[in-house]
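Asker: Protein chains in written order, with the working numbering: chain P, 1 to 462; chain L, 1001 to 1407. Glycine residues also receive a C-beta, built at the ideal position from the N, C-alpha and C atoms.
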Amino acid sequence: MSHAATPSTQSLAVTRLIQLFGLIVVFGAVYVTTRITPAFEGSFGVISAVGFLLLAGMLASSVLESVGLPHLTAYILVGVVAGPHALHLVDHQAVIDLAPVNTLALALIALAGGAELRVPLLLPLRRSLSWTTLMQCAIGTVGASAAFLAASRLLPFTHGQSISALIGIALLWGVLAVSRSPSATLGILAQTRPDGPLSRFSLAFVMSSDIVVAVLVTLTITLVRPLIDPATGIALKDLMALWHEILGSITLGTTVGLLLALYLWLVSGQLLLVLLALGFGLTEGLRYLHFDPLLTFLTAGFVVANLSNQGHKLLHAVEETGSVVFVVFFATAGAHLDVPLVKQLWPVTLLLAGSRVFATVVAHRVGSRLAQDPPIVQRWGWAPLVSQAGLTLGMSALIERAFPTFGAGFRSLAVATVAVNELIGPVLFKLALDKTGESGKGALLDPATRHSVPPPAVAPHT
Amino acid sequence: MSEMALLLGLLVVSYLGSILLSGRALRGYGLPSGTEWVVLGFVIGPYGFAAVPNDSWTGFAPMAAVATAWLALAMGVEYGYAGDKRASLRGFLLGISFALVTTAAVGSAVFAITLYWIRLPFDQAWLISAGLGLCSAETTRHVVRWVGEHGVGESALLSRIEEIADTDEIVPLFGLAVLFASLPTSSTSVQLSFGVWLAVTAALGVGLGTTCAMLIAGQRDGNDSWSVLLGAALLGTGIAWRLDISPLTVMFVMGIVLGLLSRHALTLREMLTKTESPVLLPTLLLGGALVRFEAPGLGWIIASALVARTLIRGLLGYLLGWTNGLTNRQRTLLGFGMSSSGAVTMLVGLAFGFRFPGPVGNTVLSAAACMTALGELLGPSGLRRALVRTEPPPPPSAATDQAVVSP
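1. Between residue 1300/L and chain P, is any beta-carbon pair separated by less than 9 angstroms?
2. Among 12/P, 440/P and 413/P, which residue has its Cα nearest to the Cα of residue 1217/L?
3. Taking CB distances under 9 angstroms as the criterion, tell me whether residue 1027/L reaches chain P.
4. For a cutoff of 9 angstroms on Cβ pairs, would you count residue 323/P as touching chain L?
5. For residue 276/P, tell me which candidate among 367/P, 295/P, 100/P and 21/P has the shortest Cα-Cα distance.
6. Compute the Euclidean distance between the alpha carbons of residue 92/P and residue 331/P, then round it to the nearest angstrom.
7. With a threshold of 9 angstroms between beta-carbons, can residue 397/P be considered close to chain L, or not?
8. For a test of the three-state rule: what should DSSP assign to residue 1119/L, helix, strand or coil?
9. Could you check the C-alpha separation between residue 33/P and residue 1255/L for me, to the nearest Å?
10. So, with DSSP's three-state summary, where would you put residue 288/P?
11. Could you name the residues of the same chain whose beta carbon sits closer than 6 angstroms to that of residue 248/P, not counting the 5 residues immediately before and after it, in chain order?
12. Residue 48/P and residue 391/P: beta carbons closer than 9 angstroms?
13. Mind pulling the chain L residues with CB within less than 8 angstroms of residue 463/P?
14. Give the DSSP-derived three-state secondary structure of residue 363/P in the structure shown.
15. Here's the rule I'm using: 16 or more other beta-carbon atoms within 10 Å means buried, otherwise exposed. How should residue 1017/L be labelled?
16. On the DSSP letters alone, give me the boundaries of the alpha helix (DSSP H) that residue 378/P sits inside.
17. Just to make sure I have the definition right: I need the residues of chain L whose C-beta is within less than 8 angstroms of the C-beta of residue 276/P. Which are they?
18. Of the residues that make up the stretch 1060-1072 of chain L, which ones have a beta carbon closer than 8 angstroms to any beta carbon in chain P?
19. If we ignore side chains and look at the alpha-carbon of each, how far apart do residue 384/P and residue 1260/L end up?
20. Compare the C-beta of residue 255/P against all C-beta atoms of chain L and say whether one is closer than 9 angstroms.
21. What's the gap between the Cα of residue 236/P and the Cα of residue 225/P?
22. From which residue to which residue does the alpha helix (DSSP H) around residue 191/P run?
23. Say whether chain L places a C-beta atom closer than 9 angstroms to the C-beta of residue 266/P.
24. Contact criterion: CB-CB distance below 9 angstroms. Does residue 1129/L meet it with respect to chain P?
25. What did DSSP end up calling residue 1295/L once you bin it into helix, strand or coil?
26. Only counting the same chain, and skipping five residues up and downstream in sequence, which positions put a Cβ closer than 8 angstroms to that of residue 1378/L?
27. With a threshold of 16 other CB atoms inside 10 Å of the CB of residue 240/P, please say whether the residue is buried or exposed.
28. Note down, in chain order, each residue of its chain lying with its Cβ closer than 7 angstroms to the Cβ of residue 10/P, except the 5 sequence neighbours on either side.
29. Is there a Cβ of chain P sitting closer than 9 angstroms to that of residue 1037/L, yes or no?
30. Give me the subset of the stretch 162-193 of chain P whose CB atoms are less than 7 angstroms from a CB atom of chain L, sorted by chain position.
31. Give, in chain order, every residue of the stretch 1238-1268 of chain L whose Cβ lies closer than 8 angstroms to some Cβ of chain P.
32. To test your reading of the DSSP string, which unbroken alpha helix (DSSP H) runs of 4 or more residues are found completely within the stretch 298-378 of chain P?
33. In chain order, what residues of the stretch 40-66 of chain P put their CB closer than 9 angstroms to some CB of chain L?
34. Counting pairs of beta carbons, one from the stretch 1177-1187 of chain L and one from the stretch 1139-1147 of chain L, are three or more of them closer than 8 angstroms?
35. Would the beta-carbon of residue 1078/L be found less than 8 angstroms away from any heavy atom of the ligand COA?
36. Round the Cβ separation of residue 301/P and residue 257/P to the nearest angstrom and send it over; I've been treating them as touching at under 8 angstroms.
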C-alpha cells in the first residue's frame, strides 16, 4: 500500500512544485512588464489582464488546493492581490473592460443553475425547500435588518435619515442578505464532485432561491419607497412592471429553452459559439426588453433539462466554457474589491457579515427542523448559504440606481460585506462537504449521469 | 449596427468556419484562402455599405490581435509538419529561401517606389517596404491543400510545394520580431538595445512555451489544457503589445517550443488545428473591414508590391518547375500558382496596422488585402493547372499489395 502511495504522492508534489514555479513565473513576468510600462494605455491592456487572471487563477487554485482552500477562493485571492488596490498588475481600466466577462458568466451560471433544477431532484425536497425558503426570507431578512438598524450609527450614509427611512433601508439590506451565490455553489460542487443529502439540498435550494430573491428585491424596492421618500407612494405601475418582467422573462426563457433543446437534439455542435451568442446577444436583447436575464436563463436551462433529454449536453458545454469564464469572473470580482473601503468599514462589515451568518444558521435550523430534514442537512445545511458574489453585487447596483441619495454608500457597504462572504463562504461549504463525507462521491454533477429523462435503451444486436 | 450586432455577426462567421472545418454540409465551399471574407469585411466596412461605424471596428482591434496571435500559436505548434508528415530538410530550406528572396525583392521594389517616386520620408519608406516584403513571403498552405483535394493527385512536386508552404511562415514571423525590436518603443520606461529586445521576444516565447508544456504535462483533462493554452496565449500577446515587441513571433515561438517539448504535442496540434478555421474567418473579415485607402501614393505602392511579388514568385515557381521536369507552360503556370497568399499575409498586415496606426499601418494592411485577393485569383487555378497530370499515379507498392491480400 505504502509502495503504491509513495510515487503518487511524489508525483503530486512535483506537479504542485511545477505549478508553484509557473505561478511565480507568471506573477514575475507581469510584475516586470507593468513596472517598465507604467504609462501604457490602450485597449490592449485588457488582453494581458485576462491572460494573467486566467493563468494565475488556475495555478493558484491548484497550489492552494493542497492546503484545502477552494478553487473559487484562490481565484478571488489572485484578483485581490493583483488588483488595482494591491500590486496593481491589473489596472482599474482593465477591470472595467472585463465587464462583458461578467455578463457571460452570469448567463452561464443561470443556464447551468436552471439545468440543475431537475424535477426528480426537486420533488423529494419540496417540503424542505418550502420551509427553508420561508424561514430564510422571514428570519434571515428580519435578523439582517435588525443588525443593520443596530449598526446604523456607524454608517455615514444613514446619518440624517428619519426612522421610517432607516427601516426602509434596513429592509433593503435584509433582503439583500438572503441572496446567495449560485456560481460559488456550482463552483464548489464542480470541484468536490459530491453526492448526498447536503449537496442535493444545496444545489436545489440555492438555485431555486435565486428566483425568490430576484422577485423579493424588486418587490421590496417598490414597497419601501414610500418609507424612504414620503412624497412618493406605492405605484401600481411598478408592480405591473414587475409582473411584466417576471412573466416576460419566463415566457422568453421557455422559448429559448425549447429552441436550445431543439438545437442540441438536431445539431449539438459548436456549442461554445452558441453559448457565447446567447450570453452576449440575448442578454443585450433582454436589457432592451427590460426582462430579467437571470430568470430568463434559469428558465431556459430548466426547460432544456426537464422537457428534453438534452440537459446533460447543455451542462457539459457550460462546464467546458465555464472552466475559462468562471476563473476570470471570480478573479475579476477579487480585483474589483475595494480594499481601502474594506479597511475603512471593517468593524461594521464584520458585524453585518457575522450577524447575517448567525441569522442564516438560525433560520436554517428552524426551517430544517420543521421540514424534518435528515440530520446532516439540519446540521450543515446553512454552510452553502453563506457565500455571496455577483448576484448580490448586481442587486446592490439595482438598489443604488433606485435610491441615488444613499445608494452609493449602501453599495459600498454591500461590496465590503460580499467580500467577506465570498472569501469565507466557499471555505465553509467545502468544509461541510468534507466533514459529511459527501466530497468525491461524484454522481451529482457528473454530466454522464445527468439525463433528466432516462436515455433510450439500446437494443442488443441480434 | 451596434457593436453587439457586429459581435454576433463575427460569431456567425466563426460558426460557419467551424462547419467548414468539421466536414458537415459546407465542406469544399468557399475560396481556398478565405479571401471572400476579406472582401466581405471591405464591403460592409467604411468604403462599402458602412454598415458598422468606424469606432465599432476599431473597438474590436484587441479581439483581432488575440485572434492573430492564436493563429500564430497554431502555426508554431504545427510548424515543420506538412500534413501529418515532418517536412524534409530540403523542403525546409526551399521554403525559407523562397520567402527570403520574395521578401527582399518586394521590399526593394516598394522601397524604391516609396523613396524615389512618392518621396516619402526614409523612415516611412523603410517601414512600408519592410512590411510589404514580409507580407509577400507566404505561399498559403490552404491553397496547396485545396489543390490537393480538388483533382490533383498526390505527387512528389505537390508534396514539395506543401513543404514550402508549411515552412515559409518562419521568415515573416521572425522578420516581424527583428523589425519591431529595431524600433524605439513608445510605452516602456527603459530603452534597451535591439539585441536585448530580440532576446526578450525569444525568451518570452520560450518561457511561455516551456511553462505551458510543464503545466499541460500534469493536467487531468482537455479543459485544463485549454485554460493553460488560452491563458498563456493571452498573457504572451498582452505582454508583447505592452513591450512593443512582436506578439505574433512570441506566440509562434511558444508554439514551436510547445510542439517540441510537450508529450501531448500531437493532441495539441489536433486541438489547435480545429480552432484555426473558426478563428481565421472572423479575423479575415475584420482585416477587410479595417482596410483604409487613405495613405499618400497608396495606389503606386500597392501596384509595385503586386507586380514585384507576381514576377518574383513567377520566377521562383518557374525554376521549381524546371528542376522538377515540367513543361514550359506548366512552369509558367506554377509560377502563378506560387503567388497565392492568405492567412499569414493578413496576419502580418494586421500586426502592422495595430503597431503603426496611421499611414504606415493602413498602407501595409491595404496592400496585404490586395495581395491576398490577387493571390486568390492567380494561385489556386495556376497551381492546379500546373500540377494536373504532372506525374502518373504511383503504382501500388508491394507492401500495399501484401497488406491487401494478407488476412
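Answerer: Taking the coordinates as given:
1. Taking Cβ atoms only, chain P never reaches closer than 9 angstroms to residue 1300/L, which makes this a no.
2. Per the C-alpha coordinates, the member of 12/P, 440/P and 413/P positioned closest to residue 1217/L is 12/P.
3. Bear in mind that the predicted position of residue 1027/L carries a pLDDT of just 46, short of 50, making it unreliable; the figure below should be weighed with that in mind. Not a single C-beta of chain P is nearer than 9 angstroms to the C-beta of residue 1027/L.
4. Taking 9 angstroms as the threshold, the shortest C-beta distance from residue 323/P to chain L falls below it.
5. When the alpha-carbon of residue 276/P is set against those of 367/P, 295/P, 100/P and 21/P, the nearest one is in 100/P.
6. Whole-angstrom Cα-Cα distance: 13 angstroms.
7. For residue 397/P, not one C-beta of chain L is nearer than 9 angstroms to its own C-beta.
8. In the structure shown, residue 1119/L sits in coil (DSSP, three-state: anything other than H, G, I, E or B).
9. If you take the alpha carbons of residue 33/P and residue 1255/L, they lie about 21 angstroms apart.
10. Residue 288/P falls in the helix class under three-state DSSP.
11. Counting only Cβ-Cβ distances below 6 angstroms, and skipping sequence neighbours, we find 291.
12. The answer is no: Cβ separation not under 9 angstroms.
13. Limits of chain P in this structure are 1 at one end and 462 at the other, which puts residue 463/P out of reach.
14. Looking at residue 363/P - three-state DSSP - the assignment turns out to be helix.
15. Label assigned to residue 1017/L: buried.
16. Its alpha helix (DSSP H) spans residues 375-380.
17. Correct list: 1011.
18. Within the stretch 1060-1072 of chain L, the residues whose Cβ lies closer than 8 angstroms to some Cβ of chain P are 1061, 1062, 1065 and 1066, listed in chain order.
19. Cα-Cα distance, rounded: 45 angstroms.
20. It does not; no Cβ of chain L falls within 9 angstroms.
21. Roughly 13 angstroms between the two C-alpha positions.
22. Run containing residue 191/P: 182-192, per the alpha helix (DSSP H) assignment.
23. Closer than 9 angstroms: no.
24. Cβ-Cβ to chain P under 9 angstroms: no for residue 1129/L.
25. In the three-state reduction of the DSSP assignment, residue 1295/L falls in the coil class.
26. If we look at residue 1378/L and ignore the five residues flanking it on each side, its Cβ neighbours are 1310, 1336, 1337, 1339 and 1340.
27. With fewer than 16 other Cβ atoms within 10 Å, it is exposed.
28. Answer for residue 10/P: no residue qualifies.
29. Using beta-carbon distances, residue 1037/L does not count as an interface residue toward chain P, since no partner is under 9 angstroms.
30. Within the stretch 162-193 of chain P, no residue has a Cβ that lies closer than 7 angstroms to any Cβ of chain L.
31. Here the close residues are 1238, 1239, 1241, 1242 and 1243.
32. List check, alpha helix (DSSP H) in window: 311-336 and 339-370.
33. Those would be 40, 41, 42, 43, 44, 45, 46, 47, 48, 49, 50, 51, 52, 53, 54, 55, 56, 57, 58, 59 and 62, in chain order.
34. No: fewer than three Cβ pairs fall under 8 angstroms.
35. Because no ligand of any kind appears in the structure shown, any question about the ligand COA cannot be addressed here.
36. Beta-carbon to beta-carbon, residue 301/P and residue 257/P are separated by about 7 angstroms, close enough to satisfy the 8 angstroms threshold.
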